[in-house]
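**Q** Handing you a structure now.
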Amino acid sequence: MARAIGSVAAAFFFGSLIGYFLLSRFVGLIAQPVWVPTSPAVIGTLCGAVFAIFTACHQMRRLARQREIEALAGSSGWKYSPKGSDWVVDKIKQLTGYRGAWWLENELHMRIDDVGMTVGDLYHRTSGQETSQTTKRTAAHFQSEHFNFPHFTLQREGKLLTFVSDLIGVKDIDFSGAPDFSQAYHLSSDDPEATRQLFTKDCLDFFADDHGWEIRAERDQLLIARDNLIDPKDHLAFIEKAKSILALFLKSQEQQVKSAPDHPAPGSTIPPVATEPRGASTAKHPLTTGLKESRVQTEASGHEDQSWLARRIEANTADWTEIEHFLRSPPPREVPAAIRRQRAGTNGVLLIGFLGVVGMIVLVLFLLGVVQADKIGFWWAVVTGMILISITILISVLVHTRQKNIRILRTGRLHSAEIVEVRHTGWEVNSQPQFAVSYRYHAAGQTRMKHCKLYGAHGELAREVKESGEETPVLIDPESPDHCVLGIQLTNPFRVRL
Numbered sequence: 001m002a003r004a005i006g007s008v009a010a011a012f013f014f015g016s017l018i019g020y021f022l023l024s025r026f027v028g029l030i031a032q033p034v035w036v037p038t039s040p041a042v043i044g045t046l047c048g049a050v051f052a053i054f055t056a057c058h059q060m061r062r063l064a065r066q067r068e069i070e071a072l073a074g075s076s077g078w079k080y081s082p083k084g085s086d087w088v089v090d091k092i093k094q095l096t097g098y099r100g101a102w103w104l105e106n107e108l109h110m111r112i113d114d115v116g117m118t119v120g121d122l123y124h125r126t127s128g129q130e131t132s133q134t135t136k137r138t139a140a141h142f143q144s145e146h147f148n149f150p151h152f153t154l155q156r157e158g159k160l161l162t163f164v165s166d167l168i169g170v171k172d173i174d175f176s177g178a179p180d181f182s183q184a185y186h187l188s189s190d191d192p193e194a195t196r197q198l199f200t201k202d203c204l205d206f207f208a209d210d211h212g213w214e215i216r217a218e219r220d221q222l223l224i225a226r227d228n229l230i231d232p233k234d235h236l237a238f239i240e241k242a243k244s245i246l247a248l249f250l251k252s253q254e255q256q257v258k259s260a261p262d263h264p265a266p267g268s269t270i271p272p273v274a275t276e277p278r279g280a281s282t283a284k285h286p287l288t289t290g291l292k293e294s295r296v297q298t299e300a301s302g303h304e305d306q307s308w309l310a311r312r313i314e315a316n317t318a319d320w321t322e323i324e325h326f327l328r329s330p331p332p333r334e335v336p337a338a339i340r341r342q343r344a345g346t347n348g349v350l351l352i353g354f355l356g357v358v359g360m361i362v363l364v365l366f367l368l369g370v371v372q373a374d375k376i377g378f379w380w381a382v383v384t385g386m387i388l389i390s391i392t393i394l395i396s397v398l399v400h401t402r403q404k405n406i407r408i409l410r411t412g413r414l415h416s417a418e419i420v421e422v423r424h425t426g427w428e429v430n431s432q433p434q435f436a437v438s439y440r441y442h443a444a445g446q447t448r449m450k451h452c453k454l455y456g457a458h459g460e461l462a463r464e465v466k467e468s469g470e471e472t473p474v475l476i477d478p479e480s481p482d483h484c485v486l487g488i489q490l491t492n493p494f495r496v497r498l
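FYI, the numbering for the sequence shown is 1 to 498, going by UniProt numbering.
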């Protein structure tokens, strides 16, 4: 209530100030001493009052919602917090791919046996060059070490979603026996077969009769959400629905475990999440623990079914076997094309820079031949020369960096490194989250600490390696032990998620 009254007073005061002084007095005093009416002050005051009332109503609605949800928590035995926990928001960001800003309000938390359940108002803000948009959801987040869900995303079907999915090669998993479900929802997954087994007839029937759910899952987490903020009176009904959805998925998993050839005895729990990276070789070198394939969502059934973008990503991505074989090879190594492109880049930038220099030289010679030199102007010549020098320096730096990166790939010595810290900086580059990573290794008789920035799947993989406590491979330049590259950085950081 105090915030609402403060908003009214502040808006009323500033509205009067703007209307009376800035719109009338200030302009009148600067221009010439003329009679100044008081009507602008009245108009400004009214505008300020309207804005203040609108702000106050918004604040009062938020306060009323907080009080109702807090009362619900007190009567139901939930732990209430007006601001969401950072670790829950981080988990939700992982499930959603880190695009935009996420935050949680009116958090309810409870632990049911070994399952942690968090319910709250989930906000997502996406910003463009000129506009920003905030999406509101009511969400329930479940986490347990006994969950073992494949990574999948269930969303409402839409033309835009279908278009983007077809563009980047993400397949919509349809069920021929459940046309109502397939028409209402878009289901995508890294592991389509495991996801199909998870969505049993009971699950399909439930979602076919109840539209509008958004569900994301991966390993030990499950996120269930509906658009908009539901009324606090309907919170208990939403929570029960979310529990029912979780129960359906757990029942499906139990059926899968029991139908396996060597399933555990009845009454045993679902096995914990496997930490083995998908597609990893069974014979693993201890240093290569922590590397895994980039999670590009493409169907393995046929290369011709992939989109153009998916084929380009696959062409520039080294698979697990290729990376493992490369790291084990003694120096000097033969660098595969995919690894060379990933770490050293392509020749396209150098070619563009070279053509830019040639184009500038040709332009200068043409102008000197057509126009008299004294008419070109001294400063124009200076600017042109500066541009040529800048482009030449840029190309030289790119060539030096490229040669340095290729040298460490060819002749680098394989060592082990310990990842000490992985921290999300809050920044994004090309919709990929930025991580600050610190790691240490021993080389040339010294223990060295290095800091680097990783993006997207690189940063998430570094976090997984740190949490596992295992070491990760690092290539060290024999000529300069401070120059090194993590084996994680040889994978492709791009990961498609809808």
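Note that the Cβ used here is the ideal one computed from N, Cα and C, for glycine as well. Predicted, not measured: the structure shown is a model, and the values here were computed from it.
#1: Which residues share a DSSP beta bridge with serine 396?
#2: Quick check on residue 533: buried or exposed, where buried means 16 or more other Cβ atoms within 10 Å of its Cβ?
#3: Candidates His458, Ser244 and Ser480: which alpha carbon is nearest alanine 444's?
#4: What is the DSSP secondary structure of isoleucine 230, reduced to helix, strand or coil?
#5: Which same chain residues end up closer than 7 Å to cysteine 173 when comparing Cβ atoms and leaving out the 5 residues on each side of it in sequence?
#6: Among Arg340, Leu388, Leu327 and Arg440, which has the Cα closest to the Cα of leucine 355?
#7: Taking DSSP as the reference, what is the three-state secondary structure of asparagine 148?
#8: Please report the residue range of the beta strand (DSSP E) in which histidine 186 lies.
#9: How is proline 433 classed by DSSP in three states: helix, strand or coil?
#10: Closest to lysine 201 by C-alpha separation, out of His151, Ser252 and Lys243, would be which residue?
#11: Counting only the same chain and skipping the five closest in sequence on each side, list residues whose C-beta sits under 7 Å from that of lysine 93.
#12: Assuming the contact rule is C-beta atoms closer than 8 Å, histidine 211 and isoleucine 69 should be a hit. Round their C-beta distance to whole Å, please.
#13: I think leucine 414 touches leucine 327, with their Cβ atoms under 8 Å apart; what is that distance to the nearest whole Å?
#14: DSSP on lysine 171, reduced to helix/strand/coil?
#15: Since I believe phenylalanine 175 is in contact with leucine 204 (beta carbons under 8 Å), could you give me their beta-carbon distance rounded to a whole number of angstroms?
#16: State yes or no: is the C-beta of residue 513 within less than 7 Å of the C-beta of proline 82?
#17: Nearest-angstrom Cα distance between glutamate 460 and glutamate 471?
#18: How big is the Cα-Cα spacing for glycine 84 and methionine 110?
#19: Around the Cβ of methionine 393, are there at least 16 other Cβ atoms within 10 angstroms (buried) or fewer (exposed)?
#20: Can you name the start and end residues of the alpha helix (DSSP H) that phenylalanine 206 belongs to?
#21: Once the 5 residues before and after alanine 140 are set aside, which same chain residues still bring their CB inside 6 Å of it?
#22: CA-CA distance, arginine 226 and tryptophan 213?
#23: I need the straight-line Cα distance from aspartate 121 to phenylalanine 142, nearest angstrom please.
#24: Buried or exposed for tyrosine 149, please, with buried defined as at least 16 other CB atoms from any protein chain shown within 10 angstroms of its CB.
#25: Can you look up tryptophan 103 in the DSSP assignment and give me helix, strand or coil?
#26: In the DSSP assignment, what residue or residues form a beta bridge with serine 438?
#27: Give the straight-line distance between the Cα atoms of isoleucine 395 and threonine 447, rounded to the nearest whole angstrom.
#28: At what residues does the alpha helix (DSSP H) containing glutamate 464 begin and finish?
#29: Can you tell which of Val89, Gly74 and Tyr185 has the C-alpha that lies nearest to the C-alpha of residue 513?
#30: Decide if histidine 400 is buried, meaning its Cβ has at least 16 other Cβ atoms within 10 Å, or exposed.
#31: Which residues does DSSP pair with threonine 118 in a beta bridge?
#32: Assign arginine 156 to one of two classes, buried (16 or more other C-beta atoms within 10 Å of its C-beta) or exposed (fewer than that).
#33: Go ahead and pull the three-state DSSP assignment for proline 473.
#34: Flag this pair as yes or no: are the beta carbons of phenylalanine 435 and valine 422 separated by less than 7 Å?
#35: Taking the straight line between their C-alpha atoms, what separation do you get for alanine 247 and proline 433?
#36: Please classify valine 89 as buried or exposed, where buried requires at least 16 neighbouring CB atoms within 10 angstroms.
**A** So, to answer that:
#1: Beta-bridge pairing links serine 396 to no other residue.
#2: The requested residue 533 is not part of the displayed model; the chain covers only 1 to 498.
#3: Ranking His458, Ser244 and Ser480 by Cα distance to alanine 444 puts Ser480 first.
#4: If DSSP states are grouped into helix, strand and coil, isoleucine 230 belongs with coil.
#5: As written in the sequence, residue 173 is isoleucine, which differs from the cysteine given in the question. For isoleucine 173, where only same-chain residues beyond five positions count, the Cβ hits under 7 Å are Leu187, Ser188, Ser189, Pro192, Thr195 and Arg196.
#6: Restricting attention to Arg340, Leu388, Leu327 and Arg440, the CA atom closest to the CA of leucine 355 is found in Leu388.
#7: When secondary structure is reduced to three states using DSSP, asparagine 148 falls in the coil class, being assigned neither helix nor strand.
#8: First-last of the beta strand (DSSP E) with histidine 186: 185-189.
#9: Here proline 433 sits in strand by DSSP.
#10: Checking every option, the nearest Cα to that of lysine 201 belongs to Ser252.
#11: Excluding its 5 nearest sequence neighbours in each direction, lysine 93 has C-beta neighbours in its own chain below 7 Å: Trp102, listed in chain order.
#12: The pair is not a contact, with the Cβ atoms about 25 Å apart (cut-off 8 Å).
#13: Confirmed, about 6 Å.
#14: Lysine 171 falls in the coil class under three-state DSSP.
#15: That belief holds up - the Cβ atoms of leucine 204 and phenylalanine 175 are roughly 6 Å apart, short of 8 Å.
#16: The chain is shown only over 1 to 498; residue 513 falls outside these bounds and no answer can be derived.
#17: Rounded to whole angstroms, the separation of the alpha carbons of glutamate 471 and glutamate 460 is 15 Å.
#18: Taking the straight line joining both Cα atoms gives about 13 Å.
#19: The residue asked about is misnamed: residue 393 is isoleucine in this sequence, not methionine. Classification of isoleucine 393: exposed, given that the 10 Å Cβ count is below 16.
#20: Taken as a continuous stretch (DSSP letters only), the alpha helix (DSSP H) holding phenylalanine 206 covers 201-209.
#21: Excluding positions up to five away in sequence, the list reads Val119, Ile224 and Ala242.
#22: Between arginine 226 and tryptophan 213, the C-alpha separation is close to 5 Å.
#23: Each residue's Cα considered, the two are about 15 Å apart.
#24: Going by the sequence as given, residue 149 is phenylalanine instead of tyrosine. Buried: at least 16 other Cβ atoms inside 10 Å.
#25: In the three-state scheme derived from DSSP, where H, G and I count as helix and E and B as strand, tryptophan 103 is classed as strand.
#26: Answer is Glu421 and His451.
#27: Here the alpha carbons of threonine 447 and isoleucine 395 stand approximately 34 Å from one another.
#28: Where glutamate 464 is concerned, the enclosing alpha helix (DSSP H) starts and stops at 457-468.
#29: No information on residue 513 is available, as it lies outside the stretch 1 to 498 that the chain covers here.
#30: Exposed, because fewer than 16 other Cβ atoms sit within 10 Å of the Cβ of histidine 400.
#31: Threonine 118 pairs with His109 and His141.
#32: Here arginine 156 is exposed. Its C-beta has fewer than 16 other C-beta atoms within 10 Å.
#33: Proline 473: strand per DSSP, three-state reduction.
#34: Yes, the pair counts as a contact, with Cβ atoms nearer than the cut-off.
#35: Distance between the alpha carbons of alanine 247 and proline 433: 33 Å.
#36: Here valine 89 is buried, its C-beta having at least 16 other C-beta atoms within 10 Å.
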